[in-house]
Each structure stands twice: as structure tokens, then as C-alpha cells.
Amino acid sequence: MGQAMPVSYVRVTGVERITPRTARITFTGEALPRLLEDRPDQQMKLCLPREGRSVAEGLLPEQDAEDVHGMRWYEAFLAIPEARRPWMRGFTVRAYDRGAREMTVDFVLHGEGGPASRWGADARPGDVLGMVGPSSLYARPLPEVASMLLAGDETALPAIATVLEALPAATRAVVYAEVADAGEELELPAAAGGAEVRWIHRDRGGSLLEAVRGAGAALDGVDAAWVAGEASAVRALRRHLVEERRLPKGSVEFSGYWRRALTQDDAPTEEDLAWAAERAADSA
Ligand SMILES: Cc1cc2nc3c(=O)[nH]c(=O)nc-3n(C[C@H](O)[C@H](O)[C@H](O)COP(=O)(O)OP(=O)(O)OC[C@H]3O[C@@H](n4cnc5c(N)ncnc54)[C@H](O)[C@@H]3O)c2cc1C
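Residue numbering for the sequence shown follows this note's numbering, beginning at 1477 and increasing consecutively.
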């Protein structure tokens, strides 16, 4: 904890297909009791093997306590020859069972290609992955508000579920969740202060942005929002919430989790950089 880039290894203990396109994978790992905290929205990077390779302990560069932002670590990671260098993708800790020392991660099997989705579809007990993070350095407290909007696609559901579990009883949650079809709906935890959940189905032409834009009075009284999912949808939603619903910029936490037609290895676009600068300015 307190380090930007804790590096560890985790081993699969169980795999369950909780919806046709979601693999719930449990992992154990020596460092988990030290790394995982009882807080929502813990984000980390998983390092997945290239085809025909494995991720053996020692493959990833060691962390360095002085390297606060992990820049040197990342340079060392890029110096691993490409044929052996794991794929690194962002994930969320859906749950951690401290007694069983088991971490649960939900993998969206999105079918657009991509090593994480492929790995998740074939994962077997005993498979080993590298893990970078999570780090409490990036933890942000939940806002103390009467009503909070949580909006996202399938990739955001693990984080939304942990936020629902953590919201104080004084906060009512309004969830807008976009999924491929009705078969992808997940049971979400009850929030102490109550939650209304609205599912949006892409196979019926629904979109998160249109649903939130058309929500009308259903979102009256919402005074903070948490939004994650496909980057352009997230940005458009954030714009709507700030410009049309007049939420203060600092009350809308937003993260682009993936980019259409781009992998997580592709360099940031100019638009990505402009938004990153805006996010940094908002949280300054
Ligand atoms: C902080 C953070 C937390 C995240 N938490 C989770 C999580 O808990 N569970 C989870 O499943 N994902 C999560 N994601 C999203 C995940 O990292 C991306 O979806 C990632 O691109 C998947 O990697 P990949 O190797 O399958 O595809 P990539 O190699 O990155 O991309 C290959 C192709 O697939 C497309 N693609 C990628 N993701 C999707 C998608 N969801 N739907 C449709 N097309 C897609 C890309 O546009 C590209 O064309 C998180 C991302 C971040 C940044």
C-alpha cells in the first residue's frame, strides 16, 4: 500500500460463466492480503500471457519504492522482448474474501478480439497472471451526497457493484447500466440508501447516453455522478451532465475504460490527451 506500482502474481482458483459474456474468475496470491483494501473501485492492471507463453514469477520488473509514478517500472516493462512481454489490461477488483484470500474479477468477453477477452474465455484453475496495483494512492473518497448517478457499460459493472456496497445509508443510488442484451444483466448489490437500476439493452437499440439524456425527472436531485465505459460515450455523458444537468465538474468522476476500434496498447489520441488534461484540471 502507498506504492504506485506494487507488482505481484495471482493464480486462478475458479472460473464461472455468470452470464453468456461474463467470466467471473477467482484468484489467490501471496500478496493479496497486503495489497487489497476494504474500499470500492480498486483498479489494477493484469498482465496476461502472449499466445503460447506463460507469465512466470520474475518475468515482470520489480517495483521500486522511489519510482512513485511507476515511469521507470513501465520503461523496464517495455524493455521485455515483445515476444515475451505480457499484455497489460485494466481491471477492477469485484470482491475480496479476506478469509479465503480470494480475489474475484469479472471479465467481459466482448468478442472483438483482444487478449484479455480471449484469456477470460479460456481461463483454467492454475493459470498465473501478473498484477500491477491496486494502489491506494489513486483512491478517491465517495462523495457525501443525497443522490448519486452510477452509469456505465458491462466493464463498469464490477466497480459500480463495489460502490453500491460502500455507499452510506444517506445516499440514494440511481444506476444506468448498458449491456448487450437482457441475458447480460447482473444482480447488483443493494445499496444501504436504496438504489434504482435501469438496464439499457444494445440489441434493442438502447444506448447509455440516450437513456441518461432522456431520463428527465428520474435524475432530478442527483448531485454527483460516477461514469465509466467506452471512452467516447463517457465523454459525451460527462458533457451532458455538466452542461445540461448543471452538475459541478468536480462532482462528475469519469473514466474511459476502453476505446472503440483501439486496443489498450494503442497510443492516446489527441482527444484522449485533451480529456486527460481536463480530468487533471477538474481534480486539482
Ligand atoms: C480502470 C479500469 C478498470 C476496468 N475494469 C474492467 C473489469 O473489471 N472487467 C472488464 O471486463 N473490463 C474492465 N476494463 C476494461 C478493459 O480493460 C478493456 O475492455 C480492455 O480493452 C479489454 O482488453 P482486451 O485485450 O480484451 O481488448 P483490447 O486488445 O484492448 O482491444 C481489442 C478490441 O476490442 C475492443 N474492445 C475492448 N473492450 C471492449 C468491450 N468491453 N466491448 C466491446 N469491444 C471492446 C477494442 O475497441 C478493440 O477493437 C477496465 C478498464 C479500466 C481502464
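Think of the CB as a built atom: it goes at the ideal place given N, C-alpha and C, for glycine as much as any other residue.
CB contact flag (residue i, residue j, <7 Å)
i: PRO1562; j: LEU1524; result: yes
i: VAL1621; j: ALA1700; result: yes
i: SER1623; j: GLY1697; result: yes
i: THR1489; j: THR1502; result: yes
i: LEU1723; j: LEU1685; result: no
i: MET1520; j: GLY1609; result: yes
i: ALA1645; j: ALA1671; result: no
i: ARG1594; j: GLN1740; result: no
i: PRO1537; j: ALA1559; result: no
i: VAL1581; j: ALA1627; result: no
i: ALA1635; j: ASP1517; result: yes
i: GLY1732; j: ALA1707; result: yes
i: LEU1508; j: ARG1600; result: no
i: VAL1604; j: ARG1487; result: yes
First and last residue of the uninterrupted alpha helix (DSSP H) at residue i
i: ARG1689; result: 1684–1689
i: GLY1441; result: Here the chain comprises residues numbered 1477 to 1760, so residue 1441 is not present and cannot be evaluated.
i: TYR1485; result: Per DSSP, TYR1485 belongs to no alpha helix (DSSP H); it is in the beta strand (DSSP E), 1483–1495.
i: ARG1715; result: 1707–1715
i: THR1580; result: Per DSSP, THR1580 belongs to no alpha helix (DSSP H); it is in the beta strand (DSSP E), 1578–1584.
i: LEU1605; result: Note, LEU1605: premise wrong, no alpha helix (DSSP H); beta strand (DSSP E) at 1604–1608.
i: THR1638; result: 1633–1642
i: GLU1672; result: It is not in any alpha helix (DSSP H) - GLU1672 instead sits in the beta strand (DSSP E) that spans 1671–1677.
i: GLU1729; result: No alpha helix (DSSP H) contains GLU1729, which is instead part of the beta strand (DSSP E) from 1728–1734.
i: LEU1511; result: 1508–1511
Residue i beta carbon near ligand 1 (any heavy atom closer than 6 Å)
i: SER1593; result: yes
i: PHE1553; result: no
i: PHE1730; result: no
i: VAL1584; result: yes
i: ARG1736; result: yes
i: GLU1527; result: no
i: ARG1722; result: no
i: PHE1567; result: yes
i: PRO1537; result: no
i: GLN1518; result: no
i: GLU1578; result: no
i: GLU1747; result: no
i: GLU1533; result: no
i: THR1495; result: no
i: THR1739; result: yes
i: PRO1634; result: yes
i: THR1631; result: yes
i: GLY1609; result: no
i: GLU1588; result: yes
Segment limits, beta strand (DSSP E) that includes residue i
i: THR1739; result: Careful: THR1739 lies outside any beta strand (DSSP E) and carries neither H nor E.
i: GLU1654; result: 1648–1655
i: ALA1499; result: 1498–1504
i: LEU1625; result: 1623–1629
Residue i beta carbon near ligand 2 (any heavy atom closer than 6 Å)
i: TYR1733; result: Ligand 2 is absent from the structure shown, which contains only ligand 1.
Quick test of the definition: if touching needs 3 or more C-beta pairs under 8 Å, does the region 1604–1619 touch the region 1507–1521? yes
Counting pairs of beta carbons, one from the region 1631–1641 and one from the region 1661–1673, are three or more of them closer than 8 Å? yes
Three CB pairs or more closer than 8 Å across the region 1716–1730 and the region 1650–1660: no
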